[in-house]
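Report on the following structure.
Protein chains: 2
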Amino acid sequence: MDKEEQLITNFRDLFDKMVWINKYKMEDRLKECTPSEVHCIESIEKNADSNVRELAKSLYMTRGAISKLTKKLMAKKLIESYQKPENKKEIYFKLTPQGKEIFKIHEDLHKEFRERDKVVFEQITDEQFDSMLYFVEKYNSHLDAEIKKQGLTIN
Amino acid sequence: MDKEEQLITNFRDLFDKMVWINKYKMEDRLKECTPSEVHCIESIEKNADSNVRELAKSLYMTRGAISKLTKKLMAKKLIESYQKPENKKEIYFKLTPQGKEIFKIHEDLHKEFRERDKVVFEQITDEQFDSMLYFVEKYNSHLDAEIKKQGLTIN
DNA sequence: TTTATTTTGTTGACTAGGAAACAAAATAAT
DNA sequence: ATTATTTTGTTTCCTAGTCAACAAAATAAA
Numbered sequence: 001m002d003k004e005e006q007l008i009t010n011f012r013d014l015f016d017k018m019v020w021i022n023k024y025k026m027e028d029r030l031k032e033c034t035p036s037e038v039h040c041i042e043s044i045e046k047n048a049d050s051n052v053r054e055l056a057k058s059l060y061m062t063r064g065a066i067s068k069l070t071k072k073l074m075a076k077k078l079i080e081s082y083q084k085p086e087n088k089k090e091i092y093f094k095l096t097p098q099g100k101e102i103f104k105i106h107e108d109l110h111k112e113f114r115e116r117d118k119v120v121f122e123q124i125t126d127e128q129f130d131s132m133l134y135f136v137e138k139y140n141s142h143l144d145a146e147i148k149k150q151g152l153t154i155n
Numbered sequence: 001m002d003k004e005e006q007l008i009t010n011f012r013d014l015f016d017k018m019v020w021i022n023k024y025k026m027e028d029r030l031k032e033c034t035p036s037e038v039h040c041i042e043s044i045e046k047n048a049d050s051n052v053r054e055l056a057k058s059l060y061m062t063r064g065a066i067s068k069l070t071k072k073l074m075a076k077k078l079i080e081s082y083q084k085p086e087n088k089k090e091i092y093f094k095l096t097p098q099g100k101e102i103f104k105i106h107e108d109l110h111k112e113f114r115e116r117d118k119v120v121f122e123q124i125t126d127e128q129f130d131s132m133l134y135f136v137e138k139y140n141s142h143l144d145a146e147i148k149k150q151g152l153t154i155n
């Protein structure tokens, strides 16, 4: 296995591991929500005017899944939907006060995780940090271009 | 959002995106297998003497899921199980010749993906590359220690 | 304007995977 | 040696998410 593959493989493993280890605390602290519900709440709060399609795109899920997920979140009164006067088809979502509480708890948890992992970040220099950020951004935009080139869309 | 969070968020997005974009080609080229079946085949080939428990650990799945997955792969004659004479409980797996073909196709696909993403890697120096590798390894072992500390196990 | 096409969200059938209860084998304790 | 505990794999029930067909609205084409 060459170095590039090593890097990607190790990153994949790192992320799987991170999701897995964080899952426990998440579920303990946010009993009323599944991880993907929390993820959805996060996305709604961070991106203004998210509709089903936008959420599907940002969560890499199908519209069908988002449709069901948002229904559940509405039943739990964590989000609410609204429409724009000029469009009777698109459905947008925003958090209710209870939803914002969940969002807050989630944010706090992330702070905890960052605190837990602080030592790792302390070991690298600012330059290394910035070059990683640069790399990820480059890679992201490369894949965005590739997605466009291949004409891939959600559904 | 501070820089550390930015990095993690961007990496998460990058990986979601990568999985998603690669999925199409995978499914096109490997019609007879789902992504997780391929992932399982990959793990069996790369780690000698994998049993249900080992596979669960390396794929971050439950033993139940692996039990079902390996049954499917056996029905498709892509893997076969064996036991060791001294142990009548543990079940190990290895690839059949057909399974190795799948593995090979998967490897080739990864070469293609690497080729596709070559430009991104060309833009970074060897030092940057090595420091990223170092970072990921540090992060991985940090989480391993954390997992141990918290006493987390598969199931 | 009228008609055709595309976009957007929803629904139902289906599948993958998790949780928990379980049986069998292995290991530890006595 | 016998009994208790732990490990390993399996099975059943259940939920989350995909896929594909669909309806309604919006947009494009005529």
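Read top to bottom, the protein sequences are chains A and B. Numbering-wise (the UniProt record's numbering), the first sequence opens with residue 1 and increments by one. Numbering-wise (the UniProt record's numbering), the second sequence opens with residue 1 and increments by one. Glycine is no exception: its CB is placed at the ideal position from the N, C-alpha and C atoms. Note that the coordinates shown come from a computational prediction; the quantities given were computed from them, not determined experimentally.
For residue 119(A), the C-beta contacts it makes with chain B under 9 Å involve 138, 142, in order along the chain. Per DSSP, the continuous alpha helix (DSSP H) segment holding residue 134(B) begins and ends at 126-150. Cβ-Cβ separation between residue 103(B) and residue 95(B): approximately 6 Å, consistent with a contact (criterion under 8 Å).
Between the alpha carbons of residue 10(B) and residue 90(B) lies a gap of roughly 40 Å. Taking C-beta atoms as the reference points, residue 32(A) and residue 72(A) fail to come closer than 8 Å.
Rounded to the nearest angstrom, the gap between the Cα atoms of residue 63(A) and residue 70(A) is 10 Å.
Of all residues in the region 42-69 of chain B, only 60 come within less than 7 Å of chain A when Cβ atoms are compared, listed by chain position.
In this structure, the beta-carbon distance from residue 22(B) to residue 13(A) does not fall below 8 Å. Nearest CB-CB separation between residue 147(A) and chain B: below the 8 Å threshold. Straight through space, the alpha carbons of residue 29(A) and residue 76(A) are spaced by roughly 17 Å.
Contact of residue 122(A) with chain B is not assigned, every C-beta pair being separated by 8 Å or more.
Residues of chain B whose Cβ lies closer than 9 Å to the Cβ of residue 133(A) are, in chain order, 3, 6, 7, 10. For residue 98(B), the enclosing alpha helix (DSSP H) starts and ends at 97-116. Within the model, the alpha-carbon separation for residue 97(B) versus residue 82(B) is close to 15 Å.
Chain order gives the chain B residues near residue 129(A) as 3, where near means a beta carbon separation below 7 Å. At the C-beta level, residue 124(B) and residue 131(A) come within 8 Å of one another. DSSP places residue 84(B) in the uninterrupted beta strand (DSSP E) bounded by 79-84.
The Cβ atoms of residue 117(A) and residue 39(B) lie no closer than 8 Å to each other.
Chain B places a beta carbon closer than 8 Å to that of residue 114(A), counting this residue as a contact.
A distance of 8 Å or more separates the beta carbons of residue 121(A) and residue 5(B). Note on residue 42(B): 16 or more other CB atoms within 10 angstroms of its CB, so buried under the neighbour-count rule. In the DSSP assignment, residue 69(A) falls within the unbroken alpha helix (DSSP H) covering 63-75. Bounds of any alpha helix (DSSP H) do not take in residue 60(B), whose DSSP letter is neither H nor E.
Bounds of the alpha helix (DSSP H) holding residue 25(A) are 3-29.
Within the same chain, 43, 47, 50 come within 8 Å of residue 58(B) by CB-CB distance, once the 5 residues on both sides are set aside. A straight-line Cα-Cα distance of about 36 Å links residue 87(A) and residue 8(B). Residue 40(A): member of the alpha helix (DSSP H) spanning 35-46, first to last residue.
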